[in-house]
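Structure first, commentary second.
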Amino acid sequence: MGIYRLGFTELKVPDLELAAAYYTEVLGLREVEREGDAVYLKGWDEHDHHSVVLKYAPRHGLEQFGWKVERLDDLEHFEKAAERWGCHVERLAEGEIKAAGPAIRFETPSGHRCVLYYRMQQVGNSLPKTNPPPMPLDLVGIAPKSLDHCLLLAEDVGEAGRFFREALGFRLTEQIVSGEGHQLAAFLERSHTPHDLAFVKGTNGGLHHVSFWLDNISDIYRAADILRINGVELEIGPTRHGITRGQTVYFFDPAGNRNEVFTGGYYVDPVEWEPITWTEDEIGKAIFYYEGRLIESFVTRHS
Ligand code: CA
Ligand code: FE
């Protein structure tokens, strides 16, 4: 029981049409629905109604993000747990979160608006349930299969991670620790992968990036080609992370929200995993294993 995966991220964009065009034609998510000042999108292999919401707002950034819980009574459990941390918890009826069942919402100690919800309308992945082909033939752009994880900013990374671990049952997979012993980054999971959520040091409420899943390294290179063909700059990559061992490219949506496509990683044992620690002097390799150093925009540019 508990949280079993990241369900959706809701991104703020000042130009809804431009963002929707980029997310459907370049990144290649499928548009599911438009309603008012929101566009709902999904990766082709996701069955849920949506995994990305584009929301009109004057500035870019993260409006809220949502996690799926296994059982209805998990909501009550997490409501109490979040309240013990001093969070004000809002109860939401079915449908108050678009296409979702009952939900709760609260602000995390790191200043992020977090939704936990039980079930979402299933729209399918467009393949039949009997004798399906391996993929649809009408994919456009990069066409990631699904949303994978998000990386958020927190002034106190230690506290941000502790809340997700102690109140919401997340497990720490990897961390970067400073010479003085402070956590500079924390990687957390609920889906037995290296991360579903991570925090790095920065302004509370901030978004560093949202990441989408591709199956292999050749898809990462294909993504880089598609981005450049469309005139989208690559911030860095294709390269490899030391942390998570993932392979990656970073780029930005037209609003300035950082996107990543990601593959690789490893299985995380939910019972016996011991977290991996990276020391501050190896931070370059931890983040970009081949380059062995951080690039400036990666540290300074966020929302
Ligand atoms: Ca993951
Ligand atoms: Fe990432």
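Residues in the sequence shown are numbered consecutively from 48, following this note's numbering. Ideal placement from N, C-alpha and C gives every residue a C-beta, glycine not left out. Just so you know, these numbers come straight off a predicted model, no measurement behind them.
#1: Residue range of the beta strand (DSSP E) that residue 281 falls in?
#2: Inspect the CB distances between the region 125 to 138 and the region 179 to 191 and report whether three or more fall short of 8 Å.
#3: Between 203, 239, 197 and 332, which has its C-alpha nearest residue 216's C-alpha?
#4: At what residues does the alpha helix (DSSP H) containing residue 122 begin and finish?
#5: Select from 280, 165 and 305 the residue whose C-alpha is nearest the C-alpha of residue 145.
#6: Tell whether a beta-carbon distance below 8 Å holds between residue 149 and residue 122.
#7: Is it a yes or a no for the region 191 to 198 touching the region 248 to 266, going by three-plus beta-carbon pairs under 8 Å?
#8: Just list the residues that DSSP pairs residue 113 with in beta bridges.
#9: Considering only the beta carbon of each residue, do residue 210 and residue 162 sit closer than 8 Å?
#10: So is residue 213 buried or exposed if we call it buried at 16+ other beta carbons inside 10 Å?
#11: Consult DSSP for residue 237 and reduce its assignment to one of helix, strand or coil.
#12: For residue 151, which residues in the same chain have their Cβ closer than 7 Å to its Cβ, ignoring the five residues on either side in sequence?
#13: Between which residues of its own chain and residue 331 is the CB-CB distance below 6 Å, once the five residues before and five after are set aside?
#14: In chain order, what residues place their C-beta within less than 6 Å of a heavy atom belonging to ligand 2?
#15: Could you tell me whether the region 269 to 288 touches the region 58 to 68, using the rule of 3 or more Cβ pairs below 8 Å?
#16: In three-state terms, what does DSSP make of residue 186?
#17: With DSSP as the reference, label residue 337 as helix, strand or coil.
#18: What do you reckon, are the CB atoms on residue 109 and residue 254 nearer than 8 Å?
#19: Would you check if the distance between the CB atom of residue 104 and the CB atom of residue 156 is smaller than 8 Å?
#20: My parser needs the beta strand (DSSP E) runs of 3 or more residues fully inside the region 48 to 111; what are they?
#21: Identify the residues that DSSP records as bridge partners of residue 304: which are they?
#22: Using the three-state DSSP reduction, which class does residue 332 fall into: helix, strand or coil?
#23: My assumption, with CB atoms under 8 Å, is that residue 236 sits in contact with residue 315. Please give the rounded CB distance.
#24: So, with DSSP's three-state summary, where would you put residue 213?
#25: Which residues in the same chain as residue 350 place their Cβ atom closer than 7 Å to its Cβ, once the five residues preceding and following it in sequence are excluded?
#26: Once you ignore the five residues that flank residue 154 on each side, which residues in its own chain have a CB closer than 8 Å to its CB?
#27: Mind checking whether residue 198 and residue 245 have CB atoms under 8 Å apart?
Taking the geometry as given:
#1: The residue you call residue 281 lines up with position 234 of the sequence shown. Run containing residue 281: none; DSSP gives neither H nor E here.
#2: Taking 8 Å as the limit for Cβ pairs, the verdict is that the region 179 to 191 does not touch the region 125 to 138.
#3: Indexing the sequence shown from 1 puts residue 216 at position 169. Of 203, 239, 197 and 332, the residue nearest in Cα terms is 239.
#4: Counted from its first residue, the sequence shown places residue 122 at position 75. Segment 119 to 131, the alpha helix (DSSP H) holding residue 122.
#5: For the purposes of this step, residue 145 is taken as the residue at position 98 of the sequence shown. Nearest of 280, 165 and 305 to residue 145, Cα basis: 165.
#6: Translated into positions along the sequence shown, residue 149 becomes position 102. Translated into positions along the sequence shown, residue 122 becomes position 75. Yes; because the gap between Cβ atoms is below 8 Å, this pair is in contact.
#7: yes
#8: As a working mapping, residue 113 is identified with position 66 in the sequence shown. According to DSSP, which records beta bridges pairwise, residue 113 is partnered with 55 and 162.
#9: Stepping through the sequence shown from its first residue, residue 210 is reached at position 163. Stepping through the sequence shown from its first residue, residue 162 is reached at position 115. Against a cut-off of 8 Å, the Cβ pair of residue 162 and residue 210 comes out as no contact.
#10: Position 166 of the sequence shown, counting from 1, holds the residue named residue 213. With fewer than 16 Cβ atoms within 10 Å of its Cβ, residue 213 is classed as exposed.
#11: What you label residue 237 is simply residue 190 of the sequence shown in a count that begins at 1. It is coil, neither helix nor strand.
#12: Locating residue 151 in the sequence shown gives position 104, counting from the first residue. So the qualifying residues of the chain are 122, 125, 126, 136, 137, 138, 139 and 163.
#13: Numbered from 1 along the sequence shown, position 284 holds the residue referred to as residue 331. Result list for residue 331: 339, 340 and 341, in chain order.
#14: Proximity to ligand 2 was defined by a C-beta distance below 6 Å to any of its heavy atoms, and the residues meeting it, in sequence along the chain, are 196, 198, 256, 258, 307 and 309.
#15: no
#16: Position 139 of the sequence shown, counting from 1, holds the residue named residue 186. Coil.
#17: Your numbering for residue 337 matches position 290 in the sequence shown. Residue state, collapsed to three classes: coil.
#18: In the sequence shown, residue 109 corresponds to position 62, counting from 1. In the sequence shown, residue 254 corresponds to position 207, counting from 1. In this structure, residue 254 lies closer than 8 Å to residue 109 by Cβ.
#19: Taking the first residue of the sequence shown as 1, we reach residue 104 at position 57. Taking the first residue of the sequence shown as 1, we reach residue 156 at position 109. Against a cut-off of 8 Å, the Cβ pair of residue 156 and residue 104 comes out as no contact.
#20: 50 to 60, 77 to 82, 85 to 89 and 99 to 103
#21: What you label residue 304 is simply residue 257 of the sequence shown in a count that begins at 1. Partner residues in a beta bridge of residue 304, as assigned by DSSP, do not exist.
#22: In the sequence shown, residue 332 corresponds to position 285, counting from 1. Here residue 332 sits in helix by DSSP.
#23: The residue given as residue 236 occupies position 189 in the sequence shown. The residue given as residue 315 occupies position 268 in the sequence shown. With 8 Å as the limit, residue 236 and residue 315 qualify as a contact, their Cβ atoms being about 6 Å apart.
#24: Indexing the sequence shown from 1 puts residue 213 at position 166. Reduced to three states, the DSSP call for residue 213 is helix.
#25: As a working mapping, residue 350 is identified with position 303 in the sequence shown. Here the set comprises 107, 108, 253, 254, 303 and 304.
#26: The sequence position of residue 154 within the sequence shown is 107, counting from 1. Here the set comprises 134, 135, 160 and 161.
#27: In the sequence shown, counting from the first residue as 1, residue 198 sits at position 151. In the sequence shown, counting from the first residue as 1, residue 245 sits at position 198. A contact, by the Cβ cut-off of 8 Å.
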